[in-house]
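Reading through the structure tokens given below for one structure.
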Amino acid sequence: MYICVCKAVTDSQIRTAIEQGMCTRKKLTHCFGGLGKDCGKCNQEVNALLEQKLISIQKASCPIHQANDVALDSLFDHKQAQYSEKQLNIMDTSPHSCFPLGCVSN
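Spelled out as structure tokens, the structure:
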């Protein structure tokens, strides 16, 4: 399905790019030649795809998440799970912006 009609970018292209290391909004925007910079209608969907994919990568690489997957899913409100543009920009500038390396501990 086309996510960005201005740049002719599909959801599968975005998912593949994230899997290959384009793990921040800034990298995705650059990778696809200004994704979201024209009309902007795709921004919310691109952010949601990025968030979903990063969460699934993180959960897949974390033994604690694998063991507690059912319990975590019951506590997590998927309908409310969206990073704000400000949060995504903070992730872009963090040295640890791509976090499939394991669990993030507090």
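Residue 96 in the numbering used here sits at position 45 of the sequence shown, and the numbers go up by one each step. A virtual CB, placed ideally from N, CA and C, is assigned to each residue, including glycine.
Taking the Cα of threonine 80 as reference, the smallest distance to any Cα among Lys110, Ser63, Lys58, Ser112 is reached at Lys58. For cysteine 82, the enclosing alpha helix (DSSP H) stretches over residues 76 to 82.
Beta-bridge pairing by DSSP links cysteine 55 to Val60. Between the alpha carbons of glycine 72 and lysine 110 lies a distance of about 16 angstroms. In this structure, the alpha-carbon of valine 97 lies about 15 angstroms from that of serine 107. Its Cα nearest to that of glutamine 64, the residue Cys82 stands out among Cys82, Lys77, Thr75. Taken through DSSP and simplified to helix, strand or coil, glutamine 95 comes out as helix.
Taking the Cα of leucine 101 as reference, the smallest distance to any Cα among Ile69, Gly91, Thr61, Asp89 is reached at Ile69. Look at leucine 101 here: in three-state DSSP terms it is helix. A direct Cα-to-Cα measurement between lysine 88 and cysteine 55 gives close to 10 angstroms. Under the criterion of beta carbons closer than 8 angstroms, lysine 104 and arginine 66 qualify as touching, at roughly 6 angstroms.
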